[in-house]
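Please read the structure below before turning to the comments.
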Amino acid sequence: MSPRVTVIVVNYRGGALTRRCVESAAQDLSPVDWSAIVVDNSAGDPEPDAVPLNDLPRTTLISNERNVGFGTAINQAARSTDAPLLWLLNPDCEVLPGAFATLAATLDRHPECAIAAPQLLNSDGSVQASARGEPSAWTGLFGRNTLLTRFFPSSGVARRNLPAADLVASGVESAPVDWVMGAAMLVRREPFDLAGGFDERYFLYWEDADLCRRLRERGWSTRYVPLARVKHSGGASAKTRSREATRAFHRSAYLYYSTHVVPSPWHPARWFARVALPVRAWWRTL
């Protein structure tokens, strides 16, 4: 008999965090028939004194000989389970009590919803900007970590791109959003499979925006659920290879932009992005 939900965590040199993540999810899922799959992308580059992951409860460990990337690892795990719900969590997440039940109830109330995502909390307890507006040319100027957003956080463009804080303040039970960070999302299996899972051209970053967009084009929605809460320290895996992560972010940003925003290969904006994004990545890694 298939479990109701399978927790999927992709590990890259973060064994202690991954273990805490799975244990927090297990505690929250105690009344539910569940399983977990940890995909270890660091088997070919193990961390010193790695924390063991092969003895976690109800957990299958898949060890890859090389780092295949986030989306590919998620797809790999999804093919290994028949669960109708996939609870995707980054290793630096800690599930707070009641999160799964709240997200599952949202999916039950909204049969058109493919992804229900919790409120993510920063290490200091503040609201993380995990709900997002559709990426556009303005996203590069008013993104989560840009100077314009820091100086003008109340601007209309910034609030459209980063609506999480406003949605939490409104007290809304849940709300449709364009996309959510893949750090924590409860995914309905059927639409995930119909969409082909994550696009494996994205090694790291932007695969979540791409998936939400492709699901929306098929008539499914993504909902942000502030009443479900998960702590997310952020970027734990990327910190171990910060330069590579920065380059991957900008490569994926161009892939998303050229696929969805400016698909014409002759559009001047696309050529500008093709030059500007690698330059920005180079500058950020100096």
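When we follow this note's numbering, the leftmost residue of the sequence shown carries the number 235, and every step to the right adds one. Just so it is clear, CB atoms sit at the ideal spot from N, CA and C, and this is done for glycine as well. Quantities reported herein were computed from a predicted structural model and do not represent experimental measurements.
DSSP places TRP517 in the helix class (H, G or I) of the three-state scheme. Using a Cβ-Cβ distance cut-off of 8 Å, the region 276-294 and the region 336-345 are not in contact, since fewer than three pairs of beta carbons, one from each stretch, lie closer than that value. DSSP, reduced to helix, strand and coil, places THR252 within a helical segment of the structure shown. In terms of Cβ geometry, ALA270 and PRO291 form a close pair [threshold 9 Å].
Per the Cβ contact rule, the region 481-491 is not in contact with the region 450-457 (fewer than 3 Cβ pairs under 8 Å). With fewer than 16 neighbouring CB atoms inside 10 Å of its own CB, ALA403 falls in the exposed class.
Contact check for ALA503 against TYR458 fails: the beta carbons are separated by 9 Å or more. Burial check for TRP500: the Cβ neighbour count within 10 Å stays below 16, so the residue is exposed.
Look at PRO325 here: in three-state DSSP terms it is coil, with no helix or strand label. Cβ-Cβ separation between THR519 and ARG477: approximately 5 Å, consistent with a contact (criterion under 8 Å). Straight-line measurement puts the Cα of CYS446 at about 8 Å from the Cα of ILE349. In this structure, the beta-carbon distance from GLU368 to HIS466 does not fall below 9 Å. Look at the region 395-461 and you find these whole runs of beta strand (DSSP E), each 3 residues long or longer: 409-411 and 418-422.
Taking a C-beta distance under 9 Å as the contact criterion, TRP321 and LEU420 qualify as a contact pair. Contact check for ASP433 against ASP444 passes: the beta carbons are separated by less than 9 Å.
Apart from sequence neighbours up to five positions away, the residues of its chain that approach SER314 with a beta-carbon distance below 8 Å are ILE271, THR294 and ILE296, ordered along the chain.
Within the same chain, and ignoring the five residues on either side of LEU449 in sequence, the residues whose Cβ sits closer than 6 Å to its Cβ are ALA348, PRO425 and ALA429. The criterion of a C-beta distance shorter than 9 Å is not satisfied by GLY416 and PHE334. The C-alpha of GLU407 is placed about 9 Å away from the C-alpha of THR340.
Ranked by how close their Cα comes to the Cα of LEU511, the residues ASP289, VAL414, TYR490 and ALA399 have TYR490 in first place. DSSP places GLN353 in the strand class (E or B) of the three-state scheme. Secondary structure of THR336 (DSSP, three-state): helix. When secondary structure is reduced to three states using DSSP, HIS484 falls in the helix class. Assigned with DSSP and collapsed to three states, SER236 falls in coil, not helix or strand.
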